[in-house]
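There are 2 protein chains.
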Amino acid sequence: MRRAALQPRKIATQRRSRATVDALVEATARILVREGFDKASTNRIAEVAGVGIGSLYQYFPGKEALVVAVAERHQREIMQQVQARLAGILDQPVHAAMRTIVAAAIDAHRVDPALHRVLAEQIPRVGKLAGLATFDRGNYAAFRTWLEARRRELRVADPELAAFVCVNAIEALAHNAVLHAPKMLSDERAAALVEEGARMLAGYLAPRHAGGRRVSRRTRPA
Amino acid sequence: MRRAALQPRKIATQRRSRATVDALVEATARILVREGFDKASTNRIAEVAGVGIGSLYQYFPGKEALVVAVAERHQREIMQQVQARLAGILDQPVHAAMRTIVAAAIDAHRVDPALHRVLAEQIPRVGKLAGLATFDRGNYAAFRTWLEARRRELRVADPELAAFVCVNAIEALAHNAVLHAPKMLSDERAAALVEEGARMLAGYLAPRHAGGRRVSRRTRPA
DNA sequence: GAAAAATATGAGCGATAACTCGCATTTTTC
DNA sequence: GAAAAATGCGAGTTATCGCTCATATTTTTC
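Protein sequence lines, in the order shown, are assigned to chains A and B. Taking the UniProt record's numbering, the leading residue of the first sequence gets 1, the next gets one more, and so forth. Taking the UniProt record's numbering, the leading residue of the second sequence gets 1, the next gets one more, and so forth.
Take a look at the structure:
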């Protein structure tokens, strides 16, 4: 009788209750992928999870919270897969770094394409979901940091602007290749796509010498 | 009693009934923008349109059809605004052409940003909606045609791949600038954004000389 | 201007959703 | 091993949705 009466939702998580929560999140993900967002009612989620509806509402205030939990789990998986690949990026020349980033972005979208699609489509509706915002901001900030670290080798007048252009281009390329144009990723073509994307970005950031050598003595007195 | 009994929906459109249809479409657009997709129930649409629900179902088979009608109207408005600007593109050098395209894409998204956002978010859910598919395919095909017409001046090994890369980059830039980063479009910065995008694309398509002059005698024996 | 066709209406039906609450079962505590 | 907490349950309440249909009103036809 500690504080169970109030704050009826999402409180305790010890022992088996953890299994209940996991089952609910897993069921939500399955339904989102196999039956679509509209079929993911709280009643159905509980049913698929093999859990009573009452239990669902003990841990989640509603359907949105379940979807958020699924999105966060998915994001965690992507992050793990991607961050390892981006570790060595500081030691690579510009063009190679871009190749790494584009390839990593595409692979990130391939972690669970069906789920990623549903989440990407539905996230805007789900209470503005801080999750995706965080995710994108993270990519954006990381890229900006990389840009500024390499500013000497590049020709970037406005890092914020350049980061905006690059991050959006990379994300769009990866997203649409995986979700809307699978033909672009069939073996031979996949490598070509990565190479083209990398060439575009490297050419944009370091115009004259694609290799990444320094190119002009200064970008501006500022 | 021509054929009214069967096919009860969406048949006749003469005289005042046209006004009813217009009122319904307009009401749908208003609700989508002001209250969101979820609040756009058929009952509410009819209410806002000042029309009985029965009338709604005489012209539209359901909510989806209303949303499709709104999307088609929005797309028509965009097309009118954009096609004029892209007319002179064949006479422009590569870099200038890219500038025109990027600027046109951004302006297209500015026709009615709030509505565009809702439609972009909800369209994936609405019966696969042929509308957007048509729209994007059109852009894609048009760009490919332009690419092949200019093949001599460019360095494009695979037009399909290049079109994919460019169209996605342009669309993402415009979409996110207008809908997620309005700060990028405040007067001075807007021009810079267009210029950066154009530079990236032109550099990608015609690497050595940004101006658009010919650059290599052939891309491949194929 | 009367019959017929077209158009407009809205109460209400059936379905389904989100969510509650009183109670059963399991686990922990001492 | 008994009391107490934690956890699990699901029939039932409330709300809203999409949609129909019998009927009323307007317009057209001749």
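In this text, a Cβ means the ideal position worked out from N, Cα and C, and glycines have one as well.
Does DSSP classify B/V156 as helix, strand or coil? For this step, residue 156 of chain B is matched to residue 156 along the second sequence. Reduced to three states, the DSSP call for B/V156 is coil.
Could you check which residue in B/A97, B/L66, B/T145 and B/A105 has the C-alpha nearest to that of B/Q80? Residue 80 of chain B sits at position 80 when you count from the first residue of the second sequence. Measuring from the Cα of B/Q80, the nearest candidate turns out to be B/A105.
By the criterion of Cβ-Cβ separation under 9 Å, what are the contact partners of A/D158 in chain B? Counted from its first residue, the first sequence places residue 158 of chain A at position 158. The answer, in chain order, is R189, A192 and E196.
Does any C-beta atom of chain B lie closer than 8 Å to the C-beta of A/L161? On the first sequence, residue 161 of chain A is found 161 positions in, with the first residue counted as 1. Yes, because at least one Cβ of chain B sits closer than 8 Å to the Cβ of A/L161.
For B/M200, return the contacting residues in chain A, with the cut-off set at a CB-CB distance below 7 Å. Position 200 of the second sequence, counting from 1, holds the residue named residue 200 of chain B. Under a criterion of Cβ atoms nearer than 7 Å, the residues of chain A adjacent to B/M200 are, in order, V165, M200 and Y204.
Candidates A/E153, A/I101 and A/A120: which alpha carbon is nearest A/H180's? Here the question's residue 180 of chain A lines up with position 180 in the first sequence. The shortest Cα separation from A/H180 among A/E153, A/I101 and A/A120 belongs to A/A120.
Could you check whether A/L205 and A/A162 sit closer than 8 Å to each other, using their CB atoms as the reference points? If you number the first sequence from 1, residue 162 of chain A lands on position 162. If you number the first sequence from 1, residue 205 of chain A lands on position 205. It is a contact, given that the beta carbons lie within the stated cut-off.
Can at least three beta-carbon pairs, one atom from the segment 186 to 198 of chain A and one from the segment 184 to 198 of chain B, be found at a separation below 8 Å? Judged by Cβ distances under 8 Å, the segment 186 to 198 of chain A makes no contact with the segment 184 to 198 of chain B, as fewer than three pairs qualify.
Where the alpha helix (DSSP H) containing A/D107 begins and where it ends: Residue 107 of chain A sits at position 107 when you count from the first residue of the first sequence. V94 to R110 is the extent of the alpha helix (DSSP H) around A/D107.
Alpha-carbon to alpha-carbon, B/L66 and B/V25: As a first step, residue 25 of chain B is located in the second sequence; it is residue number 25 there, counting from the start. As a first step, residue 66 of chain B is located in the second sequence; it is residue number 66 there, counting from the start. Rounded to whole angstroms, B/V25 to B/L66 spans 6 Å at the Cα level.
Taking only beta-carbon positions, decide if A/M98 is within less than 8 Å of chain B. Here residue 98 of chain A corresponds to residue number 98 of the first sequence, with the count starting at 1. Not closer than 8 Å to any Cβ of chain B, the Cβ of A/M98 fails to qualify, so no.
Run through the UniProt domain "HTH tetR-type" (18 to 78) of chain B for me and flag every whole alpha helix (DSSP H) of 4 or more residues, listed as ranges in chain order. 42 to 49 and 53 to 59
May I ask you to list, following chain order, the residues of the segment 113 to 128 of chain A that have a beta carbon less than 7 Å from some beta carbon of chain B? E121, P124 and R125
If you measure from the beta carbon of B/F143 to each beta carbon in chain A, is any gap under 8 Å? For this step, residue 143 of chain B is matched to residue 143 along the second sequence. Output row for B/F143: interface = no.
In three-state DSSP terms, what is A/I89? The residue labelled residue 89 of chain A in the question sits at position 89 within the first sequence. If DSSP states are grouped into helix, strand and coil, A/I89 belongs with the helices.
Got a sec? Which residues, its chain only, sit under 7 Å from A/Y140 by beta carbon, not counting five neighbours each side? Taking the first residue of the first sequence as position 1, residue 140 of chain A is located at position 140. Excluding positions up to five away in sequence, the list reads A163 and V167.
Count the other C-beta atoms from every protein chain shown that fall within 10 angstroms of the C-beta of B/G52, then say buried if there are 16 or more, exposed otherwise. Your numbering for residue 52 of chain B matches position 52 in the second sequence. Exposed is the call here.
Taking buried to mean at least 16 other C-beta atoms within 10 Å of its own C-beta, is A/L201 buried or exposed? The residue labelled residue 201 of chain A in the question sits at position 201 within the first sequence. A/L201 should be labelled buried.
Could one say the Cβ of B/I207 lies closer than 8 Å to chain A's Cβ atoms, at least one of them? In the second sequence, residue 207 of chain B corresponds to position 207, counting from 1. At residue 207 of chain B the sequence reads Pro, which differs from the Ile that was named. Closer than 8 Å: yes.
Chain-order list of residues whose beta-carbon lies under 7 Å from that of B/S186 (same chain, five-residue window excluded): In the second sequence, counting from the first residue as 1, residue 186 of chain B sits at position 186. So no residue of the chain qualifies.
Between B/N176 and chain A, is the shortest Cβ-Cβ distance under 8 Å, so that the two count as touching? Position 176 of the second sequence holds residue 176 of chain B. At least one chain A Cβ lies under 8 Å of B/N176.
Does DSSP put B/V126 in a helix, in a strand, or in coil? Here residue 126 of chain B refers to the residue found at position 126 when the second sequence is read from its first residue. Three-state result, B/V126: coil.
Taking the CB atoms as reference points, tell me whether A/I170 and A/G197 lie closer together than 8 Å. Looking up residue 170 of chain A in the first sequence gives position 170. Looking up residue 197 of chain A in the first sequence gives position 197. One thing to note: A/I170 has its Cβ within 8 Å of the Cβ of A/G197.
Quick one: is A/L66 near chain B, going by C-beta distance under 8 Å? In the first sequence, counting from the first residue as 1, residue 66 of chain A sits at position 66. A/L66 does not count as touching chain B.
Below-8 Å beta-carbon distance, A/A71 vs any chain B residue: Residue numbering aside, residue 71 of chain A sits at position 71 when the first sequence is read from its first letter. No, A/A71 lies away from the interface with chain B (no Cβ there is under 8 Å from its Cβ).
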